[in-house]
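S.K.: The structure's right below; bear with me while I get my questions together.
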Amino acid sequence: MTVDVDTFIGAYPFRHIPHPEPDVLVRVLDREEISEAWVGHLPSAFHRDPSQGNEELYAAVAPHSPRLRPVPIVRPDWPRWELAIADAVSAGAPAVRAYPTQWGLGPHDTPMRELAIATGEQGLALLLTVRFEDLRQRHTMDVAGDLSAAAVRALARAGSDVRLVVTAAGREMIEEVHWSLTAEEQQRVFWDISWIWGPPEDHLAKLFRSVGSGSFVFGSQWPLRLVQTPRANLDLLPDDIRGSALASARAISRAAARAD
Amino acid sequence: MSAGHGDPSLAGPEPLIDAHAHFYHAAAGRADWEAVNAARFRAGERIGITYHVASVLGSYGFTSPTYFPSPADVMRGNDAMLAICAAEPDRVRMYVTVNPNYTDHALGEIDRCVARGAVGVKLLASRRADDPLLDPVASLAGERGLPVLHHIWQHRRREWPSQEISDGADLARLAVRHPRTTFILAHIGGGGDYMHTFPAVVDCPNILPDLSGSGVDRGMLDSAVAALGAERLLWGCDLTMCTGLAKLRALEHVGLSRDELSAIRWRNAVRVFPRKSFPHVEALEPAVAAR
Numbered sequence: 000m001t002v003d004v005d006t007f008i009g010a011y012p013f014r015h016i017p018h019p020e021p022d023v024l025v026r027v028l029d030r031e032e033i034s035e036a037w038v039g040h041l042p043s044a045f046h047r048d049p050s051q052g053n054e055e056l057y058a059a060v061a062p063h064s065p066r067l068r069p070v071p072i073v074r075p076d077w078p079r080w081e082l083a084i085a086d087a088v089s090a091g092a093p094a095v096r097a098y099p100t101q102w103g104l105g106p107h108d109t110p111m112r113e114l115a116i117a118t119g120e121q122g123l124a125l126l127l128t129v130r131f132e133d134l135r136q137r138h139t140m141d142v143a144g145d146l147s148a149a150a151v152r153a154l155a156r157a158g159s160d161v162r163l164v165v166t167a168a169g170r171e172m173i174e175e176v177h178w179s180l181t182a183e184e185q186q187r188v189f190w191d192i193s194w195i196w197g198p199p200e201d202h203l204a205k206l207f208r209s210v211g212s213g214s215f216v217f218g219s220q221w222p223l224r225l226v227q228t229p230r231a232n233l234d235l236l237p238d239d240i241r242g243s244a245l246a247s248a249r250a251i252s253r254a255a256a257r258a259d
Numbered sequence: 000m001s002a003g004h005g006d007p008s009l010a011g012p013e014p015l016i017d018a019h020a021h022f023y024h025a026a027a028g029r030a031d032w033e034a035v036n037a038a039r040f041r042a043g044e045r046i047g048i049t050y051h052v053a054s055v056l057g058s059y060g061f062t063s064p065t066y067f068p069s070p071a072d073v074m075r076g077n078d079a080m081l082a083i084c085a086a087e088p089d090r091v092r093m094y095v096t097v098n099p100n101y102t103d104h105a106l107g108e109i110d111r112c113v114a115r116g117a118v119g120v121k122l123l124a125s126r127r128a129d130d131p132l133l134d135p136v137a138s139l140a141g142e143r144g145l146p147v148l149h150h151i152w153q154h155r156r157r158e159w160p161s162q163e164i165s166d167g168a169d170l171a172r173l174a175v176r177h178p179r180t181t182f183i184l185a186h187i188g189g190g191g192d193y194m195h196t197f198p199a200v201v202d203c204p205n206i207l208p209d210l211s212g213s214g215v216d217r218g219m220l221d222s223a224v225a226a227l228g229a230e231r232l233l234w235g236c237d238l239t240m241c242t243g244l245a246k247l248r249a250l251e252h253v254g255l256s257r258d259e260l261s262a263i264r265w266r267n268a269v270r271v272f273p274r275k276s277f278p279h280v281e282a283l284e285p286a287v288a289a290r
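Protein sequences, first through last, are from chains A and B.
If you use numbering that gives the first Met the number 0, the first sequence corresponds to residues 0 to 259, in order.
If you use numbering that gives the first Met the number 0, the second sequence corresponds to residues 0 to 290, in order.
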């Protein structure tokens, strides 16, 4: 069972994206033999208040449940954010998304720590995005910057129930975070493979050997990026590690398992 | 071509030419250079790459900057590339790398390496693409029928460190001055805004962008095909072969005919490189046979 934990619906503010609609996503999942997708609402990542975007997300994916699972945004420096956690649980969300760099929250700001703890208590994964686009092509108004390794490790250390899914990271960041955590903390951080290089540099293979394939999940960052990329990367692994098991999305998110 | 262990090639049995590859060597300043080269061949076999058309970029920064290689490093790199071609004659072809700031040396390197089998010229970012210093190199390449693979930043909005970058508009000005020379515009997925590149080069039929680079934005391939047509695109990997395979798979879903897919996979490369560069596949191309 392949679960793409890193998909969106909706428009992107800095360039045109063809057909970012839920029914198109379902057709893509069929074609690529992907069982399920965790779906975020892309425009809301750039809104100050994500509430309306979350409502749009819930409504858009509901006809496609349980194939598409909503991953709403919770902004922890916004009043009554705890209600958004309750809504996520009610909607069967496996995770919630947060964008601390877009909100101007630093690695050690208390709201993000409180959010991580709250999601952990509810069995929700906290899904973070390192970047949406390559630095070299960003719009001049896109100044938030990449999520830092310091931000990830601070959240990983926030509590023993915290489960992080970090998307769009590269090898250097993954290694920095992984080796800055205890063995127990490492077990609670998962990385999608959407931005990790394959051969000839073989970053994914090196990470599987050093960090372990069980710390990685399938993610594409559709509709920003080609859905074919993560599978191509897995197909090109060296013989001795091709077929290595990735982490189970159900094991990461107790909320997802509850919603089945 | 097999994906290994008797498996079929991941990209199917049809010929496939990677028009943008690189290899490393002992003087490139990294201990794992042989492993990286071996990984390119391993992945190439699995994907089903018939030919890697490759260059070595001097010392890759070890003894002179990657994008401003010294003449000595240019020669050392080209010698390494010649050696790889000699060791892998059935699957590797060579671009001769030159630094146009050293005109006589650059022209001499082209002569020296073409005599030993180089099939194209590689220009880095040592001088802006529209600079007159590139004219002698572009002229000689045109005379010899060698395509020029030019490193490109898709839409340069400012200077970036460690290279004198060029974009599609810069390359177009050079291409207009040399209409008989074919230019391969490097890696539309290699950084910058490819949507700037397509209109910048659309009126220069002697510019063929390659699809390589780590960038796999949805819409990039569709836009390239819509703007330029399949006859002006070359498949390639550059530093990330996983994204090369992903793009091949994605091309199956952008509305191309089989002939158009073949053009991008290998036929366009056969057309723009010198005759007999790719003997394994040229027999399959009627236009080449009739030439």
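Just so you know, even glycine gets a beta-carbon here, dropped at the ideal spot from N, CA and C.
For proline 99 (chain B), which residues of its own chain have a beta-carbon under 7 Å away from its beta-carbon, when the five flanking residues on both sides are left out?
M.R.: Excluding positions up to five away in sequence, the list reads Ala105, Leu122, Ser125, Arg126, Leu132, Leu133 and Val136.
S.K.: The beta strand (DSSP E) that contains valine 210 (chain A), what's its start and end?
M.R.: That residue, valine 210 (chain A), is in no beta strand (DSSP E); it is neither H nor E in DSSP.
S.K.: Should phenylalanine 61 (chain B) go down as buried or exposed, given a rule of 16 or more other Cβ atoms within 10 Å for buried?
M.R.: So phenylalanine 61 (chain B) ends up on the exposed side.
S.K.: Give the range of the alpha helix (DSSP H) segment to which aspartate 22 (chain A) is assigned.
M.R.: Where aspartate 22 (chain A) is concerned, the enclosing alpha helix (DSSP H) stretches over 21-31.
S.K.: In whole angstroms, what separates the C-alpha of alanine 288 (chain B) from that of glutamate 281 (chain B)?
M.R.: Its pLDDT being 46, under 50, alanine 288 (chain B) is placed unreliably in this model, and the value from its coordinates should be taken loosely. Answer to the nearest angstrom: the Cα atoms are 7 Å apart.
S.K.: Three-state secondary structure (DSSP) at threonine 100 (chain A)?
M.R.: Reduced to three states, the DSSP call for threonine 100 (chain A) is helix.
S.K.: Rounded to whole angstroms, what is the Cα-Cα separation between serine 165 (chain B) and valine 175 (chain B)?
M.R.: Cα-Cα distance, rounded: 15 Å.
S.K.: Which ranges does the alpha helix (DSSP H) cover as unbroken runs of at least 4 residues, wholly within the region 50-124 of chain B, from first to last along the chain?
M.R.: You should have 70-86 and 102-114.
S.K.: Report all residues from its chain with a CB closer than 7 Å to the CB of tryptophan 80 (chain A); omit the five preceding and five following residues, and keep chain order.
M.R.: Closer than 7 Å at Cβ, skipping near neighbours: Val73 and Arg74.
S.K.: Does DSSP put serine 1 (chain B) in a helix, a strand or coil?
M.R.: Only weak support exists for where serine 1 (chain B) lies, its pLDDT of 48 falling under 50; the coordinates are left without a value.
S.K.: Who pairs with threonine 166 (chain A) in a beta bridge, going by DSSP?
M.R.: DSSP output for threonine 166 (chain A) lists A:Thr128 as bridge partner(s).
S.K.: Just verifying my parser: in three-state terms, what is the DSSP assignment at aspartate 5 (chain A)?
M.R.: Looking at aspartate 5 (chain A) - three-state DSSP - the assignment turns out to be strand.
S.K.: Along the region 86-115 of chain B, what residues have a CB closer than 9 Å to any CB found in chain A?
M.R.: Hits within the stretch: zero.
S.K.: Roughly how many whole angstroms lie between the Cα atoms of tryptophan 234 (chain B) and leucine 260 (chain B)?
M.R.: Their Cα atoms are separated by approximately 10 Å.
S.K.: Compute the distance between the beta-carbons of aspartate 216 (chain B) and arginine 224 (chain A), then report whether it is under 8 Å.
M.R.: Cβ atoms of aspartate 216 (chain B) and arginine 224 (chain A): closer than 8 Å.
S.K.: Looking at the C-beta of threonine 242 (chain B), does it have a partner C-beta in chain A at a distance below 8 Å?
M.R.: Yes, contact with chain A.
S.K.: Report the residues of the region 183-205 of chain A with a CB closer than 7 Å to any CB of chain B, ordered along the chain.
M.R.: If the cut-off is 7 Å between Cβ atoms, the region 183-205 of chain A has Trp196, Gly197, Pro198, Pro199, Glu200 and Asp201 near chain B.
S.K.: Could you name the residues of chain B that isoleucine 273 (chain A) contacts, counting a contact when the two beta carbons are closer than 8 Å?
M.R.: In the structure displayed, chain A extends from 0 to 259; residue 273 (chain A) sits before or after that span and is not available.
S.K.: Might you give, ordered along the chain, the residues of its own chain that have their beta carbon closer than 7 Å to the beta carbon of phenylalanine 197 (chain B), omitting 5 neighbours on each side?
M.R.: Taken in chain order, the residues that qualify are Ser222, Ala223, Ala226 and Leu227.
S.K.: Can you look up leucine 233 (chain A) in the DSSP assignment and give me helix, strand or coil?
M.R.: Correct three-state label for leucine 233 (chain A): helix.
S.K.: Since leucine 184 (chain B) sits in a beta bridge, which residues does DSSP pair it with?
M.R.: Answer by DSSP bridge pairing, in chain order: B:His149 and B:Pro208.
S.K.: Taking beta-carbon pairs under 7 Å, can you tell me which members of the region 116-138 of chain A lie near chain B?
M.R.: Residues Asp133, Arg135 and Gln136.
S.K.: Between cysteine 112 (chain B) and the ligand NAP, is the CB less than 7 Å from at least one heavy atom?
M.R.: The ligand NAP is not part of this structure, which contains no ligands at all.
S.K.: By alpha-carbon positions, which one of B:Pro204, B:Ala26, B:Ile263 and B:Thr242 ends up nearest to proline 68 (chain B)?
M.R.: The residue with the shortest Cα to Cα distance from proline 68 (chain B) is B:Ala26.
S.K.: Relative to the alpha-carbon of aspartate 160 (chain A), which residue among A:Asp133, A:Leu180, A:Trp190 and A:Ala124 has its alpha-carbon at the smallest distance?
M.R.: The shortest Cα separation from aspartate 160 (chain A) among A:Asp133, A:Leu180, A:Trp190 and A:Ala124 belongs to A:Ala124.
S.K.: For proline 198 (chain A), which option in B:Phe40, B:Glu158 and B:Leu15 has the closest C-alpha, if you only look at C-alpha atoms?
M.R.: Comparing Cα positions, the closest option is B:Phe40.
S.K.: In the DSSP assignment, find the alpha helix (DSSP H) that holds aspartate 192 (chain B) and state where it starts and stops.
M.R.: Aspartate 192 (chain B) -> no alpha helix (DSSP H), and no H or E assigned at all.
S.K.: Judging by CA-CA distance, which residue of B:His150, B:Ala79, B:Thr180 and B:Trp32 is the nearest neighbour of glycine 188 (chain B)?
M.R.: Of the listed residues, the one whose Cα sits closest to glycine 188 (chain B) is B:His150.
S.K.: State the Cα-Cα distance for the pair proline 208 (chain B) and glycine 57 (chain B), rounded to the nearest angstrom.
M.R.: Spanning the two alpha carbons is a distance of roughly 23 Å.
S.K.: Around the C-beta of histidine 15 (chain A), are 16 or more other C-beta atoms found within 10 angstroms, so that it is buried, or is it exposed?
M.R.: By the 10 Å Cβ count, histidine 15 (chain A) comes out exposed.
S.K.: At a CB-CB cut-off below 7 Å, which residues of chain A make contact with threonine 239 (chain B)?
M.R.: Here the neighbours are Trp196 and Gly197.
S.K.: What's the gap between the Cα of arginine 231 (chain B) and the Cα of glycine 119 (chain A)?
M.R.: Roughly 52 Å separates the two Cα atoms.
S.K.: Give me the Cα-Cα distance between alanine 83 (chain A) and tyrosine 57 (chain A), rounded to the nearest whole angstrom.
M.R.: Going from the Cα of alanine 83 (chain A) to the Cα of tyrosine 57 (chain A) covers about 12 Å.
S.K.: Among the residues of its own chain, which have a CB less than 6 Å from the CB of serine 213 (chain B), if the five just before and after it don't count?
M.R.: Cβ within range, chain order: Thr239 and Thr242.
S.K.: With three or more beta-carbon pairs closer than 8 Å as the criterion, would you say the region 237-249 of chain A touches the region 12-27 of chain B?
M.R.: They do not touch, by the three-pair rule.
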